[in-house]
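>
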Amino acid sequence: MENKPDWLRVRMPGGAVFKEVAELVRHYGLNTGRPSRWGASHFAKCVREIRKRDSSVTVEILTPDFLGKPCAIDIIASARPDVYNHNLETVPRLYSKVRPRAKYFNSLNLLKEVKDRSPGVFTKSGFMLGLGESKEEVYQVMDDLRCAGVDFIVMGQYLQPTKNNIEVHRYVPLRSSSSTNSWRMRRGSPWLLQVRLRDLPTTLRMTSENLRNLGSHVLK
Numbered sequence: 001m002e003n004k005p006d007w008l009r010v011r012m013p014g015g016a017v018f019k020e021v022a023e024l025v026r027h028y029g030l031n032t033g034r035p036s037r038w039g040a041s042h043f044a045k046c047v048r049e050i051r052k053r054d055s056s057v058t059v060e061i062l063t064p065d066f067l068g069k070p071c072a073i074d075i076i077a078s079a080r081p082d083v084y085n086h087n088l089e090t091v092p093r094l095y096s097k098v099r100p101r102a103k104y105f106n107s108l109n110l111l112k113e114v115k116d117r118s119p120g121v122f123t124k125s126g127f128m129l130g131l132g133e134s135k136e137e138v139y140q141v142m143d144d145l146r147c148a149g150v151d152f153i154v155m156g157q158y159l160q161p162t163k164n165n166i167e168v169h170r171y172v173p174l175r176s177s178s179s180t181n182s183w184r185m186r187r188g189s190p191w192l193l194q195v196r197l198r199d200l201p202t203t204l205r206m207t208s209e210n211l212r213n214l215g216s217h218v219l220k
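Residues in the sequence shown are numbered consecutively from 1, following the UniProt record's numbering.
Pasting the structure below:
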């Protein structure tokens, strides 16, 4: 795709630290299925190496569910990333269609276990809209995340990557005031700090300033 519209252009950070982090990711193989502790040790090593190079960097990690293995959570929690992100992706009813090899409550329990083991670490999760879920099912996922102690929720419109992937059921009007207000008011908990709606299914990056401003809400 040569002529990408401006809204599709992604600006990558530069500088020596970014290059070193990129090399760490390649070195530890974070995008591979290595079996060592279900990959958890590689995430932890990467977090620690980033801290060595620049202690001021805000570190957010996005992990798989590690097949529900608690020892994997302990390994990563010991490295103390600033934000632990694990996405639920969709509502429970659609898991067999959208995430056939995953289990909704394994993912939910992972987020709860991270918060129980490391209360000072922010937790975050995201899921896609437009796959055929109902508003009530969206509310239920938000309530489940709230009960798991999750701090940040990101919801984004699902877009079909290729014709071989699941079709878009509908386009959700994320920017409409009624949708925005109803979902954000649903958070209704001192635990849930932010709900963000995204037109594209991208994650929400948290800066050090964001976390400092919200830090008083989380037990250190």
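Yeah, the Cβ is synthetic: ideal placement off N, Cα and C, and Gly gets one too. Remember, it's a predicted structure, so these values are computed and weren't measured experimentally.
#1: Distance, Cα to Cα, S56 vs C46?
#2: Between the alpha carbons of E89 and G126, how many angstroms are there, rounded?
#3: Apart from the five residues on each side of it in sequence, which residues of its chain come closer than 7 Å, Cβ to Cβ, to R80?
#4: Since residue 293 and K115 should fall inside the 8 Å C-beta cutoff, what is the C-beta to C-beta distance between them, to a whole number of angstroms?
#5: Assuming E133 and V83 make a contact with CB atoms under 8 Å, what is their CB distance in whole Å?
#6: Going by beta carbon distance, what residues of the same chain come within less than 6 Å of L159, once the five residues before and after it are set aside?
#7: Classify S107 as buried or exposed, calling it buried when 16 or more other Cβ atoms lie within 10 Å of its own Cβ.
#8: Please name the residue, chosen from G39, N87, H42, I50, that lies closest to Q142 on a Cα-to-Cα basis.
#9: Using DSSP's beta-bridge definition, name the partner residues of N85.
#10: Tell me which same chain residues have a C-beta within less than 6 Å of the C-beta of I76, skipping the five on either side of it?
#11: Consult DSSP for L67 and reduce its assignment to one of helix, strand or coil.
#12: Among the candidates I73, F105, G130, whose CA atom is the shortest distance from the CA of E167?
#13: Helix, strand or coil for V98? Go by DSSP, reduced to three states.
#14: Give every residue of the same chain whose Cβ lies closer than 7 Å to the Cβ of P70, excluding the five residues on either side of it in the sequence, and list them in chain order.
#15: Could you tell me which of Q157, A102, P161, D74 sits nearest to D65, measuring between CA atoms?
#16: I'd like to check one pair, N85 with L111: are the Cβ atoms closer than 7 Å?
#17: Which runs of the beta strand (DSSP E), 3 residues or longer, sit entirely within the segment 106-157?
#18: Rounded to whole angstroms, what is the Cα-Cα separation between A72 and E60?
#19: In this structure, does DSSP put V172 in helix, strand or coil?
#20: Taking E137 and R93 to be in contact with their CB atoms under 8 Å, please state how far apart those CB atoms are, rounded to whole angstroms.
#21: What does the Cβ neighbour count give for F152, buried or exposed, with the cut at 16 atoms within 10 Å?
If we stick to the structure as given:
#1: Stepping through the sequence shown from its first residue, residue 56 is reached at position 56. Stepping through the sequence shown from its first residue, residue 46 is reached at position 46. C-alpha separation (whole angstroms): 15 Å.
#2: Here residue 89 refers to the residue found at position 89 when the sequence shown is read from its first residue. Here residue 126 refers to the residue found at position 126 when the sequence shown is read from its first residue. For E89 and G126, the distance between alpha carbons rounds to 6 Å.
#3: Here the question's residue 80 lines up with position 80 in the sequence shown. Within the same chain, S118, V121 come within 7 Å of R80 by CB-CB distance, once the 5 residues on both sides are set aside.
#4: Limits of the chain in this structure are 1 at one end and 220 at the other, which puts residue 293 out of reach.
#5: Position 133 of the sequence shown, counting from 1, holds the residue named residue 133. Position 83 of the sequence shown, counting from 1, holds the residue named residue 83. In fact, because the Cβ distance is near 25 Å, the residues do not count as touching under 8 Å.
#6: Stepping through the sequence shown from its first residue, residue 159 is reached at position 159. The answer is none, since no qualifying residue turns up.
#7: Locating residue 107 in the sequence shown gives position 107, where the first residue counts as 1. It is buried - the Cβ of S107 has at least 16 other Cβ atoms within 10 Å.
#8: Locating residue 142 in the sequence shown gives position 142, where the first residue counts as 1. According to the sequence shown, residue 142 is Met rather than Gln. In terms of CA proximity to M142, N87 leads the group G39, N87, H42, I50.
#9: The residue given as residue 85 occupies position 85 in the sequence shown. In DSSP, N85 forms a bridge with L62, K124.
#10: The residue you call residue 76 lines up with position 76 of the sequence shown. A40, F43, A44, listed in sequence order.
#11: Numbered from its first residue, the sequence shown carries residue 67 at position 67. L67: helix per DSSP, three-state reduction.
#12: For the purposes of this step, residue 167 is identified with residue 167 of the sequence shown, where counting begins at 1. Among I73, F105, G130, the Cα nearest to that of E167 belongs to G130.
#13: Mapped onto the sequence shown, residue 98 falls at position 98. V98: helix per DSSP, three-state reduction.
#14: Taking the first residue of the sequence shown as position 1, residue 70 is located at position 70. Same-chain partners within the cutoff: E113.
#15: Along the sequence shown, one-based indexing puts residue 65 at 65. Checking every option, the nearest Cα to that of D65 belongs to A102.
#16: Here residue 111 corresponds to residue number 111 of the sequence shown, with the count starting at 1. Here residue 85 corresponds to residue number 85 of the sequence shown, with the count starting at 1. It is not a contact, given that the beta carbons lie outside the stated cut-off.
#17: 122-129, 152-157
#18: On the sequence shown, position 72 is the one that residue 72 refers to. On the sequence shown, position 60 is the one that residue 60 refers to. Each residue's alpha carbon lies about 17 Å from the other.
#19: As a working mapping, residue 172 is identified with position 172 in the sequence shown. V172: coil per DSSP, three-state reduction.
#20: Position 137 of the sequence shown, counted from the start, is the residue given in the question as residue 137. Position 93 of the sequence shown, counted from the start, is the residue given in the question as residue 93. Sure, about 6 Å apart at Cβ, within 8 Å.
#21: Indexing the sequence shown from 1 puts residue 152 at position 152. Buried, because 16 or more other Cβ atoms sit within 10 Å of the Cβ of F152.
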